[in-house]
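Asker: In the working numbering, the protein residues as written are 5 to 196.
#1: Beta-carbon separation of residue 188 and residue 43 under 8 Å?
#2: Ends of the alpha helix (DSSP H) at residue 71?
#3: Looking only at C-alpha atoms, which of 124, 39, 146 sits nearest to residue 26?
#4: To which residues of the same chain is residue 163 closer than 6 Å at the C-beta, ignoring the five residues directly before and after it?
#5: Quick check on this structure: which residue in 18, 21, 34, 130 has the alpha carbon closest to the alpha carbon of residue 56?
#6: Which residue comes first and which comes last in the alpha helix (DSSP H) that contains residue 117?
#7: Mark residue 126 as exposed unless 16 or more other C-beta atoms lie within 10 angstroms of its C-beta, in which case mark it buried.
#8: Output needed for residue 150: all residues of its chain with C-beta closer than 8 Å, excluding positions within five of it in sequence on either side, in chain order.
#9: Skipping 5 residues on each side, what residues in its chain have a beta carbon closer than 6 Å to that of residue 79?
#10: Where do the N-terminal and C-terminal ends of the alpha helix (DSSP H) with residue 7 fall, by residue?
#11: Decide if residue 16 is buried, meaning its Cβ has at least 16 other Cβ atoms within 10 Å, or exposed.
#12: Tell me whether residue 166 sits in a helix, a strand or coil according to DSSP, three-state version.
Below you can see the structure in the form of C-alpha cells.
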C-alpha cells in the first residue's frame, strides 16, 4: 500500500512538472490577487481529480485485455517519446493557452473554470501514466490516489508560490521522459 502511495506521488511529480510550467503564464495573465490564484488552482485540482477518474476507467478497460501489463508499459513508453520530442506538451497547449488568455477574468467562478480548462488540457496525458496504478486491487487504488493528490497539492503550492523559479528549469521534457521511461520499465517488470 505504501508502495502505491509513493508511486502515485512519483508519477504525478514527473508528469506534473510540465503541467505546472504551462499553467504559470496562464495564471500570470489572469490574476495577480491571491483569491484569483486560489480559484485558478482549485480549478486545476478539480481537473486532476477528473484525470484520476478517467485513469481508473482506462485501467478497467486495459484489465479486460490480455497482456494488460505490456499494453500499459507500451502506452507509457509512447507517452515518454511524445513528450521527449515535444509532440504533446507545447504545440497543442499553446493553442489552448491562446484561447484561454482571451477569456475575461472578472469573476472568481470564471477563473476557476479557466483553471479547470487549463488543468484538463494538461492532465489528459497524465491519464495514461496514472492508469497502471489502478490495475491492482482497491486498497492500492486508495494509496495511489492519495499519492497523486499529495503531489498535486505540492504542484499547486509550487505554482502559487515558486513559479518564477520553476519556469527557469532546463530540460523539463527530458526529465519527464526519463521518469516515464522508468515507470514503463517498472510496469513491465511488475513493480507497478
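The beta carbon of each residue, even a glycine, is placed where N, CA and C say it ideally should be.
Answerer: Once the coordinates are examined:
#1: no
#2: Premise fails: residue 71 is in no alpha helix (DSSP H) and is neither H nor E.
#3: 124
#4: 24, 27
#5: 130
#6: 112-134
#7: buried
#8: 9, 12
#9: 132
#10: 6-34
#11: buried
#12: coil
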